[in-house]
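Read the structure below first, then the notes.
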Amino acid sequence: MLTQEDSYYWSANQKHSLQEDRNHVIISVASANVDVVKSKIQAAYSVRNINLLRSVSGLLIEFSQNAPSLESLIRSHPQIEAAAYGLRLEGEGPPVFPTGEILLQPKEGMEIHGILKLISAEYLSYEATKYDTYTIRIKDWQKVISLANKIYESGLVRYSHPNFIAAIERYQVTPTDPLYVQQYYLNQGNNIDINAPQAWQLSRGLSQVRVAVIDDGVEAHEDLNGRVVQGFTPTDPNGFGTPADPTWPDNIFPFTPASHGQACAGIIGATHENVGVAGVYPCAQIVPINIFNEWFIDDNGSFQFVNYNEDVNDLRNAIDWAWNEGQADVLSNSWGFRNQNANFDAITFAINRARTLGRGGLGSVVVFASGNEHQTFSGVTFPANVNGVIAVGAIDRNGNIWNYSSRGPQMDLVAPSGNVGGAGDLVTTDRMGNLG
Numbered sequence: 001m002l003t004q005e006d007s008y009y010w011s012a013n014q015k016h017s018l019q020e021d022r023n024h025v026i027i028s029v030a031s032a033n034v035d036v037v038k039s040k041i042q043a044a045y046s047v048r049n050i051n052l053l054r055s056v057s058g059l060l061i062e063f064s065q066n067a068p069s070l071e072s073l074i075r076s077h078p079q080i081e082a083a084a085y086g087l088r089l090e091g092e093g094p095p096v097f098p099t100g101e102i103l104l105q106p107k108e109g110m111e112i113h114g115i116l117k118l119i120s121a122e123y124l125s126y127e128a129t130k131y132d133t134y135t136i137r138i139k140d141w142q143k144v145i146s147l148a149n150k151i152y153e154s155g156l157v158r159y160s161h162p163n164f165i166a167a168i169e170r171y172q173v174t175p176t177d178p179l180y181v182q183q184y185y186l187n188q189g190n191n192i193d194i195n196a197p198q199a200w201q202l203s204r205g206l207s208q209v210r211v212a213v214i215d216d217g218v219e220a221h222e223d224l225n226g227r228v229v230q231g232f233t234p235t236d237p238n239g240f241g242t243p244a245d246p247t248w249p250d251n252i253f254p255f256t257p258a259s260h261g262q263a264c265a266g267i268i269g270a271t272h273e274n275v276g277v278a279g280v281y282p283c284a285q286i287v288p289i290n291i292f293n294e295w296f297i298d299d300n301g302s303f304q305f306v307n308y309n310e311d312v313n314d315l316r317n318a319i320d321w322a323w324n325e326g327q328a329d330v331l332s333n334s335w336g337f338r339n340q341n342a343n344f345d346a347i348t349f350a351i352n353r354a355r356t357l358g359r360g361g362l363g364s365v366v367v368f369a370s371g372n373e374h375q376t377f378s379g380v381t382f383p384a385n386v387n388g389v390i391a392v393g394a395i396d397r398n399g400n401i402w403n404y405s406s407r408g409p410q411m412d413l414v415a416p417s418g419n420v421g422g423a424g425d426l427v428t429t430d431r432m433g434n435l436g
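Under the UniProt record's numbering, the sequence shown has 413 at position 413, and the numbering climbs by one with no breaks.
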């Protein structure tokens, strides 16, 4: 049972309430013991889903009934090093999971050692990350929320909150054949388009603008003509922003192959050289960043879904790498959190760094899709609702906002887009060969 000290976490200078979900558990296990513990848990309990977490060397478990207490789970399986229950933000949406880490940034002039004295007996280690931020690893995962709150409420930090694994999704459409005459969003008779030909008459670009596509990866393509540079995968130092190429069952719903980033890159920067489609800015250099690399299959009994378990720290690192090491002028993000109440300062501060420090101090442009959640909840999703982000909603070829498109006062503009979950009409690039 959550206590008064850990029934909330702080972000955006506000308390965000948490409710415990005892059917969902995250555990940390030494990598050599993961398979053994997984088999023992499946044999001992009624388990609906159990999935490997490579990022923290552990398991995500959903019990179907008679879920054990954390104490009995750890007592029965001594290989378990730490465990915590899943949590519901404001009591709604998919569960989020603490990872035993706290993300924080001290206030100016504050030293990390003074902050660590507040929790001196409770932490295992700390790591100084870029931009005067820190990751603190906690011994007892069940205390991570109360300790993060204690640090924030001390007044010594700009932010302090747990490093959660929280559900994110790609805001995707289904591309079809790559033919310019079908790219209605560039130019069509009813003028529900972006007036691309008129813009091209002025300029198709005299210099290369670097656009970070923060998505599920981009790879070399004949229609991108050598302009995909080496990128970044937060969970894989050798990933370099390329797609993960997962092997998924044929019956997952919806079928979401790792090609969404490739489709976005084609809209942004495909060549104008009689190959495939025409990109809006054919000189753009594409900086691929893959934040959909850690995946698992979630079986809800009727359908199988692909979920991802990159954590908040991975997403912060992706944004910071984009504007800094990736030198991106523009950060393109067609993703967001599935939970209406998601809000994480670590991500907000990374976005603000991009907006103020990118482009050599001029600030990079940060664009997010407003979300695909209108039929689930009202309002623009996080991080599209962060101040200063350009939040873009989706309209059809006739100018009507799509029923799925998240909307609200934080939405800045709309752009032509396609339907989701079926045969779309948004034409762009696909992956080449058998991967497309």
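The C-beta atom is built at its ideal place from N, Cα and C for all residues, glycine as well.
Item: Please state whether the Cβ-Cβ distance between Ala284 and Val209 is less than 8 Å.; Value: yes
Item: Should Asp311 be labelled buried (16 or more other beta-carbon atoms within 10 Å of its own) or exposed?; Value: buried
Item: Would you please state the rounded distance, in angstroms, between the beta carbons of Ala167 and Asn372? I believe it to be under 8 Å.; Value: That pair is no contact at about 13 Å.
Item: Is Gln327 helix, strand or coil by DSSP?; Value: coil
Item: Taking the C-alpha atoms as reference points, what is the distance between Gly241 and Val218?; Value: 6 Å
Item: Going by other Cβ atoms of all chains shown within 10 Å of its Cβ, with 16 needed for buried, is Asp177 buried or exposed?; Value: Any reading at Asp177 needs caution, since the residue's pLDDT is 37, under 50, leaving its predicted position unreliable; the model's value is listed next. Exposed, since its Cβ has fewer than 16 Cβ neighbours within 10 Å.
Item: Could you spell out where the alpha helix (DSSP H) holding Leu357 opens and where it closes?; Value: 345-357
Item: Per DSSP, what kind of secondary structure is Lys143 in: helix, strand or coil?; Value: helix
Item: Please state whether DSSP places His16 in a helix, a strand or coil.; Value: strand
Item: For the beta strand (DSSP E) holding Asp215, just list the boundary residues, first then last.; Value: 210-215
Item: Determine, using beta-carbon pairs with one atom in the stretch 322-336 and one in the stretch 134-151, whether at least three such pairs fall under 8 Å.; Value: no
Item: Judging by CA-CA distance, which residue of Ile138, Ser39, Thr133, Ala369 is the nearest neighbour of Val392?; Value: Ala369
Item: Which residue comes first and which comes last in the beta strand (DSSP E) that contains His161?; Value: 157-165
Item: Taking the beta carbon of Asp35 as the centre, do at least 16 other beta carbons fall within 10 Å, making it buried, or is it exposed?; Value: exposed
Item: Determine the direct distance from the alpha carbon of Thr428 to that of Gln79, and round the result to whole angstroms.; Value: 49 Å
Item: Would you call Pro254 buried or exposed, if buried means 16 or more other Cβ atoms sit within 10 Å of its Cβ?; Value: Unreliable placement is indicated for Pro254, whose pLDDT of 49 sits below 50; no coordinate value is reported for it.
Item: Beta-carbon within less than 7 Å of Glu5's beta-carbon, same chain only, minus the 5 sequence neighbours each way: which residues are those?; Value: Ser146, Asn149
Item: Using a Cβ-Cβ cutoff of less than 6 Å, which residues in the same chain neighbour Trp200 once the five nearest sequence positions on both sides are dropped?; Value: none
Item: For Gln14, count the other beta carbons within 10 Å of its own beta carbon; 16 or more makes it buried, fewer makes it exposed. Which is it?; Value: exposed
Item: Quick test of the definition: if touching needs 3 or more C-beta pairs under 8 Å, does the stretch 55-73 touch the stretch 26-45?; Value: yes
Item: Give me, in chain order, the residues of the same chain whose beta-carbon lies closer than 8 Å to that of Val37; leave out the 5 immediate sequence neighbours on both sides.; Value: Ile27, Val29, Leu59, His77, Gln79, Ile80
Item: Assign Tyr152 to one of three DSSP states: helix, strand, or coil.; Value: helix
Item: Apply the 10 Å Cβ neighbour rule to Ile194 and answer buried if 16 or more other Cβ atoms are within range, or exposed otherwise.; Value: exposed
Item: Over what stretch of residues does the alpha helix (DSSP H) that includes Gly269 continue unbroken?; Value: 260-269
Item: With a CB to CB cut of under 8 Å and the five nearest residues on each side skipped, what residues in its chain are close to Ile50?; Value: Lys38, Ile41, Gln42, Leu59, Leu60, Ile61, Glu62
Item: According to DSSP, is Gly361 part of a helix, a strand, or is it coil?; Value: helix
Item: So the candidates are Leu52, Tyr281, Tyr45; which of them puts its Cα closest to the Cα of Gln65?; Value: Tyr45
Item: In the DSSP assignment, the alpha helix (DSSP H) including Leu59 goes from what residue to what residue?; Value: From DSSP, Leu59 is part of no alpha helix (DSSP H) but of the beta strand (DSSP E) over 58-65.
Item: Measure the Cβ-Cβ separation of Ile286 and Val229 and say whether it is below 8 Å.; Value: yes
Item: Go through its chain and collect everything with a Cβ distance to Ala12's Cβ below 8 Å, but skip five positions before and after it.; Value: Asn343, Asp345, Thr348
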